[in-house]
Amino acid sequence: MFEISRPQNMPRVLIRELNAGHAEKIRMHFKNLGSEDRLLRFGMYTSDEMLDKYVNTINFHRDAIFGVFDNNLNLIGCAHLGYSASNLVINSTAEFGVSVSAEGRGKGVGSALFKRAAIHARNTNIKVLYMHYLSRNKVMMHIAKKAGMSIEFSFGEADAYLTLLPSTNNSIVAEAVQAQVADIDYAFKKNIRHSKSFLLNAFSFASTK
Ligand SMILES: CC(C)(COP(=O)(O)OP(=O)(O)OC[C@H]1O[C@@H](n2cnc3c(N)ncnc32)[C@H](O)[C@@H]1OP(=O)(O)O)[C@@H](O)C(=O)NCCC(=O)NCCS
Numbered sequence: 001m002f003e004i005s006r007p008q009n010m011p012r013v014l015i016r017e018l019n020a021g022h023a024e025k026i027r028m029h030f031k032n033l034g035s036e037d038r039l040l041r042f043g044m045y046t047s048d049e050m051l052d053k054y055v056n057t058i059n060f061h062r063d064a065i066f067g068v069f070d071n072n073l074n075l076i077g078c079a080h081l082g083y084s085a086s087n088l089v090i091n092s093t094a095e096f097g098v099s100v101s102a103e104g105r106g107k108g109v110g111s112a113l114f115k116r117a118a119i120h121a122r123n124t125n126i127k128v129l130y131m132h133y134l135s136r137n138k139v140m141m142h143i144a145k146k147a148g149m150s151i152e153f154s155f156g157e158a159d160a161y162l163t164l165l166p167s168t169n170n171s172i173v174a175e176a177v178q179a180q181v182a183d184i185d186y187a188f189k190k191n192i193r194h195s196k197s198f199l200l201n202a203f204s205f206a207s208t209k
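Given below as structure tokens:
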């Protein structure tokens with residue numbers, strides 16, 4: 001039996017950039033989060049209606065949305081890199097928010113989404129990556145400290161800032177390669193899913209004969 005090994009420097013978690021066509025998957029991902037996770041993600045208790053509104057107003061042209069899919073093409077991790085309209089002109093800070101479904105946690109998905117958002121921000125001339133989270137959020141605190149972010153605390157909330165280096169040819173190529181590998185992986189999973197359902201249909205048809 002031969003094994004396909006992962007090329008060196010290729011991340012273990014494959015991340016796709018999402019577009020408006022993924023809105024329903026994003027909605028489903030958020031709605032599957034429990035109330036405590038919604039509080040940690042959005043900083044307030046968030047109803048299904050508020051999530052609908054949030055998803056309906058995502059600006060896929062201005063912002064960057066990243067996703068991680070499992071083998072069944074369910075969205076198990078989603079990050080929103082928000083660019084404010086004024087940031088596009090001058091100064092440039094982008095805000096990062098992330099969530100990973102309960103089943104996908106502890107496997108490096110959240111950290112991988114953070115790294116991908118940081119490289120994307122860098123490659124789009126953003127100078128500072130910003131995160132706002134509750135200071136009791138131990139995982140986000142760990143991610144922020146590990147990345148060397150400077151952190152300010154106030155009234156149970158934390159603001160973390162990461163100054164980004166300017167983009168280089170290497171950072172641009174690295175992101176492009178990651179994006180391509182993730183697209184190929186997605187297409188592969190989609191084909192496997194189609195083949196499985198084709199075979200299941202063929203078998204159930206044969207067994208009724
Ligand atoms: C925060 C969240 C996205 C992390 O996702 P995840 O995929 O489980 O994260 P990872 O597996 O990449 O783990 C991140 C790191 O935190 C560490 N960690 C996990 N639990 C921890 C804890 N209780 N205390 C400290 N560190 C912890 C992990 O060991 C890992 O560290 P490492 O990279 O040094 O090994 C996920 O828990 C989540 O969706 N929470 C609810 C929403 C939320 O809090 N969003 C953030 C608001 S911006």
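According to my numbering, the stretch in the sequence shown is residues 1 to 209, in order.
In this text, a Cβ means the ideal position worked out from N, Cα and C, and glycines have one as well.
What does the alpha-carbon distance come out to for the pair residue i and residue j?
| i | j | result |
| --- | --- | --- |
| GLY21 | PHE30 | 16 Å |
| SER92 | ALA174 | 22 Å |
| LYS145 | HIS61 | 31 Å |
| ASN125 | ILE151 | 22 Å |
| PHE155 | ARG136 | 11 Å |
| LEU73 | VAL181 | 15 Å |
| GLY43 | ILE172 | 33 Å |
| ASP63 | ASP183 | 19 Å |
| GLU157 | PHE96 | 15 Å |
| PHE198 | ASN71 | 17 Å |
| ASN169 | LYS127 | 17 Å |
| ASN59 | SER204 | 43 Å |
| GLU103 | THR57 | 27 Å |
| GLY106 | LYS138 | 13 Å |
Leaving out five residues on either side along the sequence, give the residues of the same chain with a beta carbon under 6 Å from the beta carbon of residue i.
| i | result |
| --- | --- |
| MET140 | TYR133 |
| LYS25 | LEU75 |
| ARG38 | THR46 |
| ASP159 | HIS132, GLU152 |
| ALA79 | PHE66, VAL98, LEU113, ALA117 |
Leaving out the 5 sequence neighbours to the left and right, which residues in its chain are closer than 7 Å to residue i when beta-carbon positions are compared?
| i | result |
| --- | --- |
| ASP48 | LYS31 |
| ALA176 | none |
| TYR186 | ARG16, PHE69 |
| SER35 | TYR45 |
Hey, residue i and residue j: beta-carbon distance below 8 Å or not?
| i | j | result |
| --- | --- | --- |
| GLY108 | ARG41 | no |
| VAL100 | GLY77 | yes |
| VAL68 | ILE119 | no |
| ILE210 | LEU18 | The requested residue 210 does not occur in the structure, where the chain is confined to residues 1 to 209. |
| ILE143 | SER195 | no |
| ASN123 | SER167 | yes |
| VAL55 | ALA94 | no |
Between the Cα of residue i and those of the options, spot the shortest distance and give me the residue it belongs to.
| i | options | result |
| --- | --- | --- |
| MET149 | LEU129, PHE155, ARG136, VAL68 | LEU129 |
| LEU113 | SER84, THR57, ASN71, ALA147 | ALA147 |
| ASP52 | GLU36, ASP70, MET28, ARG105 | MET28 |
| LYS115 | GLY106, SER35, SER84, GLN178 | GLN178 |
| ALA121 | SER35, MET50, SER84 | SER84 |
Checklist entry - How do the stretch 187-201 and the stretch 162-171 stand: do at least 3 beta-carbon pairs fall below 8 Å, yes or no? => result The stretch 187-201 makes no contact with the stretch 162-171; the number of CB pairs closer than 8 Å stays below 3.
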